[in-house]
Ligand code: B1M
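Okay, structure coming up:
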C-alpha cells in the first residue's frame, strides 16, 4: 500500500506499531498538516462510519482515537508556525457531557501555531468553568466543541447562561463539532444569543474567524 493509505489503515485498525516510520515517510512527501487533513482524517471518517453502522465496537474506536492522537502529537513539531504571537486569546473547551476532544485539540494546535493564546480547558466542561476562565484570561473569544447531538442542546443552554449573566456581548462564541450545522448555529442559535455566535466547520474556519475578529 502507498504510505498515505497505510496511515489511513493504521487509524482504522488502531495499529500504532510502525506508525512513526510511516509518518516520517509521509513527511518526506508532503507537509504535516496535509497528512492530518487527508490520510488521518480520512481514517477517522471510516471509523465513524463503521461505528455508526454497528460494524465496529467502542473499544476499537478508542484505539483508533489513540492512534490518531499519537500521530497528531508526532506531527505537531512539523506543522507550519507563524512568528507572530499574542494575536489574541481564546478559551476552548469540549462542552459538559462530551468526551470527544480530537477536533478541539486540532483547533488548539492550528490557533496556537498561528499566534493565538489558547486556554484549553479539556473535556466535559460546565459553562461556569468556561466563563470563569474567559473572565480570568480576558479572552477575546470562547470556543466550544461537541460531537454528540445532545451537545448541541448544551451549547444552546450555555449561550443562554451567557445571556443571563449579561456578558454575551463580551465574548464572541465559536462553535464546532460534527453534530452542528451552520444553519442551527447561525440562524437558530443566533436568534437566542445576545452576542455574536459563529459556526466553524473545521479548524481552519476557526482560525479565519479568530483572524477576522482580531483584525
Ligand atoms: Co464517539 N460518537 N462516542 N467516541 N465518536 C461519534 C461523535 C458518533 C457520531 C459516532 C457514530 O455513531 N457514528 C456518535 C454520536 C452520535 C450522536 O450524538 N447522535 C458517537 C457516540 C454515540 C459516542 C458514545 C455515546 C458511545 C457510547 O458510549 N456508547 C461515547 C460518548 C461519550 C461522551 O462523550 N459522553 C463516544 C465515545 C467515543 C470515544 C471515547 C471512543 C472516541 C473519542 C476519543 C476522543 O475524542 N478522545 C470516539 C470517537 C473517536 C468518535 C468518532 C468515530 C470520531 C470523532 C473524531 O475524533 N473525529 C465520531 C464519529 C464522527 O464524528 N462522525 C464519534 C475526528 C475529528 C478531527 O473531527 O471532532 O468532528 P471532529 O472535529 C472537526 C470539526 O468538527 C471541527 O474541526 C475538526 C476538523 O478540523 N471542530 C471544530 C470540532 N470542534 C471544533 C471547535 C471549533 C472549530 C471547529 O471552534 C470552537
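Numbering (this note's numbering), first residue to last: 124 to 338. Glycine is no exception: its CB is placed at the ideal position from the N, C-alpha and C atoms.
Residues near residue i by beta carbon distance below 7 Å, same chain, minus five either side
| i | result |
| --- | --- |
| residue 317 | 286, 291 and 292 |
| residue 277 | 218, 219, 220 and 269 |
| residue 170 | 134, 135, 179, 184 and 187 |
| residue 210 | 238, 239 and 337 |
| residue 284 | 250 |
| residue 147 | none |
| residue 165 | 131 |
Under 8 Å between C-beta atoms of residue i and residue j
| i | j | result |
| --- | --- | --- |
| residue 227 | residue 217 | yes |
| residue 289 | residue 221 | no |
| residue 215 | residue 251 | no |
| residue 163 | residue 134 | yes |
| residue 279 | residue 254 | no |
| residue 264 | residue 241 | no |
| residue 274 | residue 256 | no |
| residue 179 | residue 173 | yes |
| residue 282 | residue 312 | yes |
Option in the options with minimal Cα separation from residue i
| i | options | result |
| --- | --- | --- |
| residue 247 | 271, 258 and 180 | 271 |
| residue 224 | 307, 234, 321 and 300 | 300 |
| residue 142 | 190, 306 and 174 | 190 |
| residue 332 | 255, 124, 206 and 237 | 237 |
| residue 324 | 132, 315 and 307 | 307 |
| residue 334 | 234, 167 and 204 | 234 |
| residue 329 | 204, 279 and 231 | 231 |
| residue 140 | 187, 182 and 172 | 187 |
| residue 320 | 336, 327 and 172 | 336 |
| residue 208 | 184, 239 and 179 | 239 |
| residue 202 | 229, 210, 176 and 282 | 229 |
| residue 326 | 192, 175, 160 and 165 | 160 |
| residue 144 | 176, 193, 259 and 260 | 193 |
Proximal residues to residue i (C-beta, below 8 Å), its chain only, five neighbours per side dropped
| i | result |
| --- | --- |
| residue 249 | 219 |
| residue 149 | 126, 127, 130, 158 and 162 |
| residue 304 | 322 |
| residue 262 | 212, 213, 214, 242, 256 and 294 |
| residue 205 | 236, 237 and 238 |
| residue 309 | 320, 321 and 322 |
Beta-carbon contacts of residue i that lie in its chain and below 6 Å, excluding the five residues immediately before and after
| i | result |
| --- | --- |
| residue 151 | none |
| residue 182 | none |
| residue 294 | 257 and 265 |
At least 3 beta-carbon pairs within less than 8 Å: the region 136–155 vs the region 190–197: yes
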